[in-house]
Amino acid sequence: MVNKISIRVVEKARFTSYLKKAQEYYDIMIYAASQNKWNASALNAIHCGISAADALLVRFFGIRSISKDHEDVVRLLMEKFGEEHDLQHCGHLAKILSQKSQVEYDDKLFDQKSAGNIIKNAERFFDWVKSKLEEYNSKFNNY
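Dropping the structure here:
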């Protein structure tokens, strides 16, 4: 039995707040990587992914996950964006989030290679989110 995902209803226009956060986290992720700050870069990649997912879910459906389990946002995205090509991008977020505890709580430091994997997945996921938002804009012309 699959547990129900806890969600919060959010006014669709509020997606811009989540998108702005995602962009700021993305920018800091890139900057931190350029300074060889691999732990900071990886953590910002994770927060970029979470905020980008929130932006997408809020814009399209007026909801966001409030579950304590961040993997639930991946399930919610897969449920809402179930086409095969979209599922691949949900997998990028799953890979990012699978590293969350290690980045935040473990004593292991991230190096260029391990941070690079998270960064790559964050870039791919965020690019997909932005393309979905542009697609929504062109369809409904109210970005």
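Mapped onto this note's numbering, the consecutive letters of the sequence shown carry residue numbers 1221 to 1363. We treat Cβ as the ideally placed atom computed from N, Cα and C, and that holds for glycine.
Can you tell me whether residue i is helix, strand or coil according to DSSP?
i	result
residue 1227	strand
residue 1363	Its pLDDT being 47, under 50, residue 1363 is placed unreliably in this model, and the value from its coordinates should be taken loosely. It is coil, neither helix nor strand.
residue 1318	coil
residue 1328	coil
residue 1355	helix
residue 1255	coil
residue 1303	coil
Please classify residue i: is it buried, with 16 or more other beta-carbons within 10 angstroms of its beta-carbon, or exposed?
i	result
residue 1302	exposed
residue 1317	buried
residue 1261	buried
residue 1345	buried
residue 1245	buried
residue 1305	exposed
residue 1360	exposed
Which residues share a DSSP beta bridge with residue i?
i	result
residue 1344	Paired residues: none, contrary to the question.
residue 1234	Bridge partners of residue 1234: none, in fact.
residue 1285	1227
Grab the span of the alpha helix (DSSP H) containing residue i for me, first residue to last.
i	result
residue 1279	1258–1281
residue 1292	1291–1300
Check whether chain D comes within 8 Å of residue i, counting only Cβ atoms and requiring the distance to be less than that.
i	result
residue 1242	You won't find chain D in this structure, because it holds only one protein chain.
(message) Using 8 Å as the cut-off, can you tell me whether the stretch 1265–1283 makes contact with the stretch 1232–1245, which would need three or more C-beta pairs spanning the two stretches below that distance?
(response) yes
(request) Say whether the stretch 1322–1329 touches the stretch 1344–1352, bearing in mind that this needs 3 or more beta-carbon pairs closer than 8 Å, one atom from each stretch. (result) no
(message) With three or more C-beta pairs closer than 8 Å as the rule, is the stretch 1223–1231 touching the stretch 1278–1296?
(response) yes
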